[in-house]
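Novice: Before anything else, here's the structure in question.
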Amino acid sequence: MLESILKALKEPASGTGARKEVAAAALMVEAARLDRSFDPEERAIIVRLIGEHFKLDQAAATELVALAEKTQRANYSDWIFIKTINEAFDASEKLALMEMLWKVAYADGSLHKFEKHLIDHVAKELGVSQSDLESAQKAAKG
């Protein structure tokens, strides 16, 4: 099953399936795990954000996040997720992803330096400007 997930992530952007959703969720899972504390509240926030953004019901969003957790654990690098996002997301979707990443990073009440580093790295790789990244951070803080 994992091989089929990885294969789907490597298909061209015109490919079918939930590859962009898995890629986005995997980056959020990575952000949540960076402080070595991936608790149920953080998982619930990711499920909610994924469900709202991709218009999925609770069960589908939960399943997608579980799949993203497995996929993220199986990859030693985030390049496949970033490549997928770059191919499948337009500028506004990339900005929305950055806001979701900030929300995940702040879910436990603090921002760990590794979480910030990941978000900065993802923004750079996605071509998100510093001012847009800061706007996404402010929006995430509410």
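In our numbering, the protein residues as written are 180 to 321.
Beta carbons: idealized from backbone N, C-alpha and C, even for Gly.
Quick caveat, the model's predicted, so the values are computed rather than measured.
What did DSSP end up calling V307 once you bin it into helix, strand or coil?
Specialist: Looking up residue 307 in the sequence shown gives position 128. DSSP places V307 in coil when its eight states are reduced to three.
Novice: Can you give me the C-alpha to C-alpha distance between A204 and K249, rounded to a whole angstrom?
Specialist: On the sequence shown, position 25 is the one that residue 204 refers to. On the sequence shown, position 70 is the one that residue 249 refers to. If you draw a straight line from the Cα of A204 to the Cα of K249, it is about 11 Å long.
Novice: Taking only three categories from DSSP, how would you classify A321?
Specialist: Within the sequence shown, numbered from 1, the residue matching residue 321 stands at position 142. For the sequence presented, residue 321 should be read as Gly rather than Ala. Looking at G321 - three-state DSSP - the assignment turns out to be coil, as it is neither helix nor strand.
Novice: Determine, using beta carbons only, whether L276 and L206 come nearer to each other than 9 Å.
Specialist: Taking the first residue of the sequence shown as position 1, residue 276 is located at position 97. Taking the first residue of the sequence shown as position 1, residue 206 is located at position 27. L276 is a Cβ neighbour of L206, given a cutoff of 9 Å.
Novice: Determine the burial state of Q251: buried for a count of at least 16 other Cβ atoms within 10 Å of its Cβ, exposed for fewer.
Specialist: The residue labelled residue 251 in the question sits at position 72 within the sequence shown. With 16 or more other Cβ atoms within 10 Å, it is buried.
Novice: Mind pulling the alpha helix (DSSP H) runs of 4 or more residues that sit fully within the region 227 to 292?
Specialist: You should have 237 to 253, 258 to 267, 270 to 284.
Novice: Give me the residue from F260, S314, V244, A240 with the minimum Cα distance to L297.
Specialist: In the sequence shown, residue 297 corresponds to position 118, counting from 1. Considering only alpha carbons, the answer is F260.
Novice: With burial defined as no fewer than 16 other Cβ atoms inside 10 Å of the residue's Cβ, what is the status of D269: buried or exposed?
Specialist: Counting from 1 along the sequence shown, the entry for residue 269 is found at position 90. Under this definition D269 is an exposed residue.
Novice: Shortest alpha-carbon distance to V244 belongs to which of F293, Y285, F217, A315?
Specialist: In the sequence shown, counting from the first residue as 1, residue 244 sits at position 65. Nearest option by C-alpha distance: F217.
Novice: With distances taken from CA atoms, which of K199, I264, V283 is nearest L213?
Specialist: Position 34 of the sequence shown, counting from 1, holds the residue named residue 213. The option with the nearest alpha carbon to L213 is V283.
Novice: Nearest to V280 by alpha carbon, out of A253, E313, A267, K262?
Specialist: Numbered from its first residue, the sequence shown carries residue 280 at position 101. Rather than Val, the amino acid found at residue 280 in this sequence is Leu. Distance check between L280 and each of A253, E313, A267, K262 places E313 closest, using alpha-carbon atoms only.
Novice: Are there 16 or more other CB atoms within 10 angstroms of the CB of E231, so buried, or fewer, so exposed?
Specialist: Numbered from its first residue, the sequence shown carries residue 231 at position 52. Exposed, by the Cβ-count rule.
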